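Chains as they are written, first to last, in this note's numbering: chain A, 4 to 203; chain B, 4 to 203.
Glycine residues also receive a C-beta, built at the ideal position from the N, C-alpha and C atoms.
Model, not experiment: these values are computed from the prediction.
There are 2 protein chains.
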Amino acid sequence: MSRHTPLLQQLIDALRILPGVGPKSAQRMAFSLLERNREAGLQLGAALTAAMNKIGHCQQCRTFCETELCHICTDPKRALDGIICVVGSAADQLAIEQTAQFKGRYFVLQGYLSPLDGIGPQDLGLDILGKTLAEGQVTELILATNPTVEGDATAFYIAELCHKRQVKVSRIAQGIPIGGELEFIDGTTLSHAFSGRKVF
Amino acid sequence: MSRHTPLLQQLIDALRILPGVGPKSAQRMAFSLLERNREAGLQLGAALTAAMNKIGHCQQCRTFCETELCHICTDPKRALDGIICVVGSAADQLAIEQTAQFKGRYFVLQGYLSPLDGIGPQDLGLDILGKTLAEGQVTELILATNPTVEGDATAFYIAELCHKRQVKVSRIAQGIPIGGELEFIDGTTLSHAFSGRKVF
Ligand SMILES: [Zn+2]
Ligand SMILES: [Zn+2]
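Laid out in structure tokens, this is it:
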């Protein structure tokens, strides 16, 4: 078996799209499923197909969602203080939720402004966020974007939207290591960054 | 999003059956596909379904195969010297093929004898191997099983089959680190182990 059969090679190639999976571990994954766990392999196949086809975005906050609105946007308690936290991704939102400190709502950008990659304000749903700000219910917008070049550019853009609407805008404190990625930071650091937020 | 939506949770759980994938990296994989690469996620789903349903075993050597016989068993050049190499898994077979030193055929056990797990000779296809030995074409059987307790027990069992049929049986040299797993050993060590094989 100096070469793989077509379906096996196809499976190994397909597994390599998963982050952190190289050729050796893709091969190991394929053999493991074929040898020991074909039923689970079929379940994974079905779960991938269902998730890719059926998971959409919340109409209000843009997080991953299978219904029109997510469970946070439909929870009236989360709207009480009128605070919205803007994050770059659903993974970042999850990291903040796990601190159990923030009780408001979110806006999930699902990316950052990047003119070179053709990602503009519309692609991040910033028109939707602009409309939400115009409605006058938001008392404060907290920027929890990544402390990277693109995260900063996006933060400045959103701060401008807030200034236009006279909405208070703050940014989580730079307890976050510069150049780091929010989703990998521990909960304590994130909690401190929240309470230490400053007017932006 | 303190909890995931049902389809997302199902996908994260399903990804965890892959070897080496914990809860954090399963979540990262799911978000990565949903955010950036749904098309590739669908392709992976289809590749898994096809592979799990359609990849079978070679009727002669039991390696993974989508046809009746694999490309090694159908190659008359690989039968010239009448040598069969017995390995524990398709991954081990691949590691040996990559040394390009062995020119004979294989028998792929797809596991080892393990009475406690209910894995007996029939489950490893040793009846098929017994029939092949009975046909009188095999000049030598090389044992390239893992140097572990179960690998050794299986090697002894197969050596008995060979002794009954007066087929020469050898074992690759113990250049292999004891307790190690064959599929992770470098090609040079494996080549040396082949040329240093001893009558068993
Ligand atoms: Zn929402
Ligand atoms: Zn074969």
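Which chain B residues are close to Ala-54/A, counting only those with a beta carbon under 8 Å from its beta carbon? Correct list: Leu-10, Leu-11, Gln-13, Leu-14, Ala-33, Leu-36, Leu-37, Gly-44.
Can you find a heavy atom of ligand 1 that lies under 7 Å from the Cβ of Thr-66/A? Yes, ligand 1 has a heavy atom inside 7 Å of this Cβ.
Using C-beta distances below 6 Å, list every residue in its chain close to Thr-52/A, excluding the 5 sequence neighbours before and after it, in chain order. So the list is empty, once near-sequence residues are dropped.
Can you find a CB in chain A that lies within less than 8 Å of the CB of Leu-185/B? For Leu-185/B, the answer is no, since every Cβ of chain A falls outside 8 Å of its Cβ.
CB of Val-3/B within 8 Å of CB of Phe-203/B, strictly: With chain B covering 4 to 203 only, the question about residue 3/B has no answer from this structure.
Could you tell me the alpha carbon to alpha carbon distance between Phe-187/B and Leu-193/B, rounded to whole angstroms? Computed Cα separation, rounded: 10 Å.
For Cys-88/A, report the span of its beta strand (DSSP E) as first-last. In the DSSP annotation of this structure, the continuous segment of the beta strand (DSSP E) that includes Cys-88/A starts and ends at 86 to 90.
Whose Cβ in chain B lies nearer than 7 Å to the Cβ of Pro-22/A? Under the 7 Å cutoff, chain B gives Arg-31, Met-32, Ser-35.
Between Asn-40/A and chain B, is any beta-carbon pair separated by less than 8 Å? Chain B has a Cβ within less than 8 Å of the Cβ of Asn-40/A.
Got a sec: does ligand 1 put a non-hydrogen atom nearer than 7 Å to the Cβ of Leu-145/A? Strictly speaking, residue 145/A in this sequence is Ile, with Leu absent from that position. Outside the cutoff, so no.
Would you kindly report the start and end of the unbroken alpha helix (DSSP H) that includes Ser-35/B? Its alpha helix (DSSP H) spans residues 26 to 39.
Going along the chain, which unbroken runs of the alpha helix (DSSP H) with 4 or more residues stay wholly within the stretch 128 to 179 of chain A? Runs of the alpha helix (DSSP H) inside the stretch 128 to 179 of chain A: 129 to 137, 152 to 167.
Report the neighbours of Leu-18/B on chain A: residues whose CB is nearer than 7 Å to its CB, in chain order. By Cβ distance, chain A contributes Leu-47.
When Cβ atoms are compared, which residues of the stretch 58 to 70 of chain B fall closer than 7 Å to chain A? For the stretch 58 to 70 of chain B, the residues whose beta carbon sits under 7 Å from a beta carbon of chain A are, in order, Ile-58, Thr-66, Phe-67, Cys-68, Glu-69.
Alpha carbon to alpha carbon, how far is Ala-158/B from Asp-126/B? Give it in angstroms, no decimals. If you take the alpha carbons of Asp-126/B and Ala-158/B, they lie about 15 Å apart.
C-beta neighbour in chain A for Ala-93/B, strict 8 Å: Using a Cβ-Cβ cut-off of 8 Å, Ala-93/B counts as an interface residue toward chain A, since at least one Cβ of chain A sits closer than that to its own.
For Ile-75/A, is the beta carbon positioned less than 7 Å from some heavy atom of ligand 1? It does: the Cβ of Ile-75/A is within 7 Å (strictly closer) of some heavy atom of ligand 1.
Any C-beta of chain B under 8 Å from that of Ala-50/A: Closer than 8 Å: yes.
Hey, would you say the C-beta of Cys-88/A is under 7 Å away from at least one heavy atom of ligand 4? With respect to ligand 4, the structure shown offers nothing to examine, as its ligands consist of ligand 1 and ligand 2.
Taking the alpha-carbon positions, what's the Met-4/B to Ala-54/A distance? Only weak support is given to the placement of Met-4/B: the predicted model assigns it a pLDDT of 43, under 50, and the value that follows is read from those uncertain coordinates. Met-4/B and Ala-54/A: Cα-Cα distance of roughly 17 Å.
From which residue to which residue does the beta strand (DSSP E) around Phe-110/A run? Counting along the chain, the beta strand (DSSP E) containing Phe-110/A begins and ends at 108 to 111.
To which residues does DSSP link Phe-67/B through a beta bridge? The secondary-structure analysis by DSSP pairs Phe-67/B across a beta bridge with His-60/B.
Simplified DSSP state of Phe-105/B, which is helix, strand or coil: The answer is coil: DSSP assigns Phe-105/B none of H, G, I, E or B.
C-beta atoms of Tyr-115/B and Val-90/B nearer than 8 Å: Not closer than 8 Å, so no.
So is Ala-196/A in contact with chain B if we call contact Cβ pairs under 8 Å? Under the 8 Å criterion on CB atoms, Ala-196/A is classed as non-interfacial with respect to chain B.
Nearest by alpha-carbon distance to Gln-101/A: which of Leu-112/A, Arg-41/A, Leu-185/A, Asp-16/A is it? Minimum Cα distance to Gln-101/A is reached at Leu-185/A.
Can you tell me whether DSSP reads Ile-122/A as helix, strand or coil? Assignment of Ile-122/A by DSSP, reduced to helix, strand and coil, places it in the strand class.
In the DSSP assignment, the alpha helix (DSSP H) including Leu-18/A goes from what residue to what residue? First-last of the alpha helix (DSSP H) with Leu-18/A: 9 to 18.
Would you verify that the beta carbon of Gln-104/A is, or is not, closer than 8 Å to some beta carbon of chain B? No, its Cβ sits nowhere closer than 8 Å to a Cβ of chain B.
Are there 16 or more other CB atoms within 10 angstroms of the CB of Thr-191/B, so buried, or fewer, so exposed? Answer is exposed; the Cβ neighbour count stays below 16.
Contact criterion: CB-CB distance below 8 Å. Does Ser-117/B meet it with respect to chain A? The beta carbon of Ser-117/B sits no closer than 8 Å to any beta carbon of chain A.
Could you say which of Leu-144/A, Ile-99/A, Gln-12/A lies nearest to Cys-68/B if we only look at CA atoms? For the residues Leu-144/A, Ile-99/A, Gln-12/A, the minimum Cα distance to Cys-68/B belongs to Gln-12/A.
For Gln-140/B and chain A, any beta-carbon pair shorter than 8 Å? Contact with chain A is absent for Gln-140/B, since none of that chain's Cβ atoms lies less than 8 Å from the residue's Cβ.
Alpha-carbon to alpha-carbon, Arg-174/A and His-166/A: Going from the Cα of His-166/A to the Cα of Arg-174/A covers about 14 Å.
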